[in-house]
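J.:
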Amino acid sequence: MVHPLFLFLWATAAAGAAAGSASESASDSPTPWVSIVEPTADAVVANPVTFRFRAGGGVKKVALFVDGLPLQEAPFDPSVGGLVHEFKGVNLLRMLDLEGYDDTGKAVALEQLRFVPSSGFLPPPPGFNGFVVAVINDSLLFPRDGRYRYCWRECPGSMGMLHDVYYQGELLWEGDGTCYCTGHTLEVFLEAVRRWAAVRGLGEVEPFGELDFGSVQGGEFYQHWQGYGITNEASAAAAFESAGIGFSLGPDSWSQAVPGDFVNLSRGNGTGHAVIFVSWVREGGAIVGLTYY
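Numbering-wise (the numbering used here), the sequence shown opens with residue 9 and increments by one.
1. Of the residues Ala282, His232, Leu106 and Arg290, which one's Cα is nearest the Cα of Gly64?
2. How is Ile284 classed by DSSP in three states: helix, strand or coil?
3. Using C-beta distances below 8 angstroms, list every residue in its chain close to Glu214, excluding the 5 sequence neighbours before and after it, in chain order.
4. Are there 16 or more other CB atoms within 10 angstroms of the CB of Asp260, so buried, or fewer, so exposed?
5. Hey, Phe139 and Ala200: beta-carbon distance below 7 angstroms or not?
6. Is the beta carbon of Gly185 closer than 7 angstroms to that of Met169?
7. Who pairs with Lys114 in a beta bridge, going by DSSP?
8. Counting only the same chain and skipping the five closest in sequence on each side, list residues whose C-beta sits under 7 angstroms from that of Phe229.
9. With H, G and I counted as helix, E and B as strand and the rest as coil, what does DSSP make of Trp181?
10. Restricting to Cα atoms, I'd like to know which of Pro133, Gly113 and Gly154 is closest to Val98.
11. So, for Phe129: in the same chain, excluding its five sequence neighbours on each side, which residues have a beta-carbon less than 6 angstroms away from its beta-carbon?
12. Identify whether Tyr230 lies in helix, strand or coil by the three-state DSSP scheme.
13. Going by C-alpha distance, which of Arg122, Phe255, Gly165 and Asn240 is nearest Ala48?
14. Based on DSSP bridge pairs, tell me the residues matched to Ala63.
15. Specify the secondary structure class of Ala242 as computed by DSSP and reduced to three states.
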């Protein structure tokens, strides 16, 4: 859904001249036409999104639509040359329509393309963490538009995973469209494992290192991850170490953290959180916090 939070039109002298010359040069053509200049097809573009366009061949008004919803109150003169819109739902593949109308208001021209308004996309680091980052960047799998609900104690019986989760080709847990921190980070990890294996041409039944199905399903690995049974502290690092597929970074090694690392936070009030590392927040060179997914 498109949420029109921020919308304006602009016309600079340069933009107006460019748009005007485009319309004039095409006015001799009997065929009405419209052309989307920005964004380009399948582009990932920063939000707010700048739209630029041209028109000619008798096109008197234009209008922009995203996923069928208008970005303006009414069609307007194409010599305006551009429009800026801020989307509430980002990191989603969207369909853009530019329609052109003649002097009777009849639609006579159309151009379409797909694009992604983005916010928070991360460049993938090398190694396995690159697959983790690719998963959290996946706007179709995990859109950031509020459609999925964070639900922990209010959702008894939930495994905290949005989608069905598989390991070694077998269903581990069914997703229910809600999530909580330890469930969702585990979901991200196992999806990264699946993608890592696919790139290497490994069969779905192949284990990830020494990580066996029973340990993930509810055994040692899962208990470390969730913080129950053999331990009362949730720790992805302890889970990785138990399976021989990762290690813990102590405070003296925090500078080695890279995007896609899994983090368990312990707060002074006794609460905690399971997250995926993005970057450090520093003041005067000292680490004072972190940004995370």
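We treat Cβ as the ideally placed atom computed from N, Cα and C, and that holds for glycine. What you are looking at is a predicted structure, and each value in this text was computed from that prediction instead of being measured.
T.: So, to answer that:
1. Leu106
2. strand
3. Gln176 and Ala205
4. exposed
5. yes
6. no
7. Paired residues: none, contrary to the question.
8. Leu219, Ser223, Ala247, Ser250 and Ala251
9. strand
10. Gly154
11. Asn145
12. helix
13. In the sequence on display, residue 48 carries Thr and not Ala. Looking at the Cα atoms, Arg122 is the closest of the given residues.
14. Val42
15. coil
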